[in-house]
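Protein chains in written order, with my numbering: chain S, 190 to 783; chain W, 144 to 233. Structure record follows, encoded as structure tokens.
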Amino acid sequence: MNTAIAVIDAVSILAFLAALVIVCFKYNKVFGEDVSFTLAILLFLSASFMTCVFLKWSGLVNTILIVEDTLGTLLPIGWMFLFYTMVHGIIKTETLNRQNALKQEISERTLAEIKARQYNIKLGVIVDNVSSALLMETAERKIEFANRLFCQMLSVPLTPDSLKGLDCQQSAKDYKNLFKHPEDFCASIEAAVSGGQEVYSELFETIDNRFYERDYIPVYDNNQLVYHLWIYRDVTHRVLAEKALESAAQEWRTTFDSISDMIAVTDVNHIITRINWSFASAFSAQPTQLLGFKACALIHGREGPEEDCPCVTARKICQPVTREYLHPDKKTSMEITSSPINDANGNTSGNILVIRDITERKLMQQQMIFQDRLASIGELVSGVAHELNNPLTSVIGFSDYLLQGETSGETKELLEYINRDAKRTASIVNDLMVFAREHPAGKSPLDINEILKRVLSLHTYLMKVKNITVQTHLSQDLPLVMGSSTQLHQVFSNIIVNAEQVMSKSDKAGELYIETRKANQAARIIIKDNGPGIEEDVIGKIFNPFFTTREVGCGTGLGLSICYGIVTGHGGSIRAESEPGNGATFIIELPCID
Amino acid sequence: MIEINEVIMFIVGAGLFLFIRLNAHYLTGIPHIKILTISFYILFTAFILTILEGLFLEDIINFLEHICYALSSIFLLIWCYAVLIRKSVS
Chain S
190 MNTAIAVIDA
200 VSILAFLAAL
210 VIVCFKYNKV
220 FGEDVSFTLA
230 ILLFLSASFM
240 TCVFLKWSGL
250 VNTILIVEDT
260 LGTLLPIGWM
270 FLFYTMVHGI
280 IKTETLNRQN
290 ALKQEISERT
300 LAEIKARQYN
310 IKLGVIVDNV
320 SSALLMETAE
330 RKIEFANRLF
340 CQMLSVPLTP
350 DSLKGLDCQQ
360 SAKDYKNLFK
370 HPEDFCASIE
380 AAVSGGQEVY
390 SELFETIDNR
400 FYERDYIPVY
410 DNNQLVYHLW
420 IYRDVTHRVL
430 AEKALESAAQ
440 EWRTTFDSIS
450 DMIAVTDVNH
460 IITRINWSFA
470 SAFSAQPTQL
480 LGFKACALIH
490 GREGPEEDCP
500 CVTARKICQP
510 VTREYLHPDK
520 KTSMEITSSP
530 INDANGNTSG
540 NILVIRDITE
550 RKLMQQQMIF
560 QDRLASIGEL
570 VSGVAHELNN
580 PLTSVIGFSD
590 YLLQGETSGE
600 TKELLEYINR
610 DAKRTASIVN
620 DLMVFAREHP
630 AGKSPLDINE
640 ILKRVLSLHT
650 YLMKVKNITV
660 QTHLSQDLPL
670 VMGSSTQLHQ
680 VFSNIIVNAE
690 QVMSKSDKAG
700 ELYIETRKAN
710 QAARIIIKDN
720 GPGIEEDVIG
730 KIFNPFFTTR
740 EVGCGTGLGL
750 SICYGIVTGH
760 GGSIRAESEP
770 GNGATFIIEL
780 PCID
Chain W
144 MIEINEVIMF
154 IVGAGLFLFI
164 RLNAHYLTGI
174 PHIKILTISF
184 YILFTAFILT
194 ILEGLFLEDI
204 INFLEHICYA
214 LSSIFLLIWC
224 YAVLIRKSVS
């Protein structure tokens, strides 16, 4: 038993010694000096104690009881020191750590306070110098802060600092009369606050015609509403500029649409980007309906531009180009002017097309050419007539003289032939001189109805013989016309004689209808027959001198030319309308006396 | 027979036992503290057995006492190795 105990004790000694070696080897490396020292002492005491026990139980030494007891008593004390130094070290370390943490916390807090102070300074500068008026309320609708601009914009006679804590609902009611619609102002505030969502760009007009734009931003912290932020901006200049711009755009649009010419703006692909009402009306559409169409498709019915397309040419030469087109369907003449649109960089971005109906202008041009031709012929005829008059007078005079004398039958017949044809020639020459006369002489106020009655009275017999009925509808309030009675008599006589001749050749009974009426500032005379009418290809030539549809020798072709010359010489107009088979209508308009 | 030094060892050991229990939360900061406390508890058991061997079953309890000393020393060695050698290596 003793031996076993001794062996066990020996194991203990070896264990303590091994531990002591380890402690000595790692002295002051893992633990502090005090713990290492205490641990080493404890292990030394333990090893000493166990050595005494071993010696006692192994029977080697029997007189060390006092030492064993002493060491045995010191053993728990050594343990106590060990735990004490450990706990003390830990507490000391913890205290130190806590102090360090506290120091760090204090320094961090100090730093944070410095940063917060700097941030507040920066924020204050920004808030005071920002171009918007700012107002922040607490969730309970008390003013948290406002900047100076807010006080200025809403005419608040207080400093921003003194506003803090005021009730916002009451303040809104106090200052609502600054706005043109005060109830709307208050209602919009309540609606924004109760909505709890951002509201941007609400516009308000003040009673002094200024415009304020307002944003509302609710501020949340952990889903809890903490502040209401209101931002007001004075946008008077912007709103007025927008209104002016809108007005200018409207004015431009109205002007654009009021132009009687058709105007279209196209891009480089000939696609219409803008057109005016005239253009749209020509195609029986609304302006917006034609946007996106190709101009060439609308105007010419082609998918692509023509060879001499003015748009293409205008873009090439960077100058306006004008072309005339005859519309194939409407028989109207159009003048298309295409101007290139150049952007700021000088690049052509499209064309402006101005399309004008020049049908009337073309007709007037043709009329002017016709009148010019008439004038030339008149001058020529006048000269020739003067030259012919003298020899004709001789021929007629001498033939009359010879006829009065003794002449044989065949000679007399030939003389009569010469005399008749010479007189006929003189009549033609006389007509030519009337045609060529430039200014109608002897103008006086005339009653057209009276002239017509006189003309008709001269033709009553012939009309009756030729079975022609005359129907008149003469206006009683027809104004007087300044003119030559003789010339106008000739005009009406020529037209009625022509009608009489064509109706007498017709199988059906002739009907002549004569009407006078006032038309604007003119007296209109309508002379209508039920003869065969005038062919379409002839009607344009009937006023030409020497143009006649009668057989050779039966007409000079000057009658209607003379009429034309007289009427236009009176400042009036004459035109013929006819449908083949349904007679012809001559319409004469002569200016009235004011 | 109970000797005075054995009573002193027990009392000091009991005081230390209380100290360890009361300051357990501080000791958690020491690595492998469980091994060290087990070592002490075994030693404290040996102190109790030292007193008990004077009352009854002297031989057996004495033997157990020495066994406890040996176990305590081994646990202390293990603790030293674990804390000072392995810990420092890792």
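Even for Gly, the Cβ is constructed at its ideal location relative to N, Cα and C.
Every alpha helix (DSSP H) stretch that sits fully inside the segment 686–772 of chain S and reaches 4 residues is listed by chain position as 725–728, 748–758. Of the candidates S/ASN540, S/VAL584, S/ILE530, S/TYR514, S/TYR514 places its Cα closest to the Cα of S/LYS551. In terms of beta-carbon proximity, W/HIS209 lines the interface with chain S, with at least one pair separated by less than 7 Å. Between S/ILE607 and S/SER583, the C-beta gap is not smaller than 7 Å, which leaves the two residues out of contact.
Residues of chain S with a Cβ closer than 8 Å to the Cβ of W/LEU159 are, in chain order, PRO265, TRP268, MET269, PHE272. The residues LYS483, ALA484, CYS485, PRO494, CYS500, in chain order, have a CB closer than 7 Å to that of S/HIS459 in the same chain once the five nearest residues on each side in sequence are set aside. Taking 7 Å as the threshold, the shortest C-beta distance from S/ALA229 to chain W does not fall below it. At a cut-off of 7 Å between beta-carbon atoms, S/GLY313 makes no contact with chain W.
Neighbourhood of W/LEU220 in chain S, by CB distance below 7 Å: ALA204, ALA207, ALA208, in chain order.
Apart from sequence neighbours up to five positions away, the residues of its chain that approach S/ALA708 with a beta-carbon distance below 8 Å are GLU778, ordered along the chain.
In the three-state reduction of the DSSP assignment, S/HIS417 falls in the strand class, which pools E and B. Among the residues facing chain S, W/LEU200 is not included, as its CB has no counterpart in that chain under 7 Å away. With a minimum length of 3 residues, the unbroken runs of beta strand (DSSP E) contained wholly in the segment 334–418 of chain S fall at 388–394, 400–410. Residues of chain S whose Cβ lies closer than 9 Å to the Cβ of W/LEU170 are, in chain order, PHE272, MET275, VAL276, ILE279. In the displayed model, W/PHE199 falls within coil according to three-state DSSP, outside both helix and strand. Interface with chain S (7 Å Cβ-Cβ cutoff): W/VAL155 is included. With respect to chain W, the C-beta atom of S/SER225 has no partner C-beta closer than 7 Å. Under the three-state reduction of DSSP output, S/ASP198 falls in the helix class. Annotated as distal: S/PHE736 and S/GLY722, with beta-carbon spacing of 7 Å or more.
Taking a C-beta distance under 7 Å as the contact criterion, S/ALA236 and S/ILE202 qualify as a contact pair. Counting along the chain, no beta strand (DSSP E) covers S/ARG427; the unbroken alpha helix (DSSP H) around it starts and ends at 425–447. For S/HIS662, the uninterrupted beta strand (DSSP E) segment begins and ends at 657–663. Under the three-state reduction of DSSP, W/VAL226 is assigned to helix. Around the beta carbon of S/ALA290, a 10 Å sphere encloses fewer than 16 other beta carbons of the protein chains shown; the residue is thus reported as exposed. The beta carbons of S/SER467 and S/SER449 sit about 6 Å from each other, so the pair counts as a contact at 8 Å.
When 9 Å is used as the limit between beta carbons, S/SER235 is near these residues of chain W: LEU186, TYR212, SER215, SER216, LEU219, in chain order. According to DSSP, S/THR537 shares a beta bridge with S/ASN531.
Where S/GLU576 is concerned, the enclosing alpha helix (DSSP H) starts and stops at 548–593. Distance from the CA atom of W/PHE187 to the CA atom of S/ALA229, rounded to whole angstroms, is 20 Å.
Here the segment 405–421 of chain S makes no contact with the segment 496–512 of chain S; the two share fewer than three CB pairs at distances below 8 Å. By the neighbour-count criterion, in which 16 or more other beta carbons inside 10 Å mark a residue as buried, S/ARG643 falls on the exposed side. For S/GLY221, no CB of chain W lies under 7 Å from its own CB, so it is not counted at the interface with that chain. In this structure, DSSP gives S/MET190 a state outside helix and strand, which the three-state scheme calls coil. For S/THR262, the chain W residues whose Cβ falls inside 7 Å of its Cβ are ASN148, ILE151, MET152, in order along the chain. Closer than 7 Å to the CB of S/VAL200 there is at least one CB belonging to chain W. In the displayed model, S/SER320 falls within coil according to three-state DSSP, outside both helix and strand.
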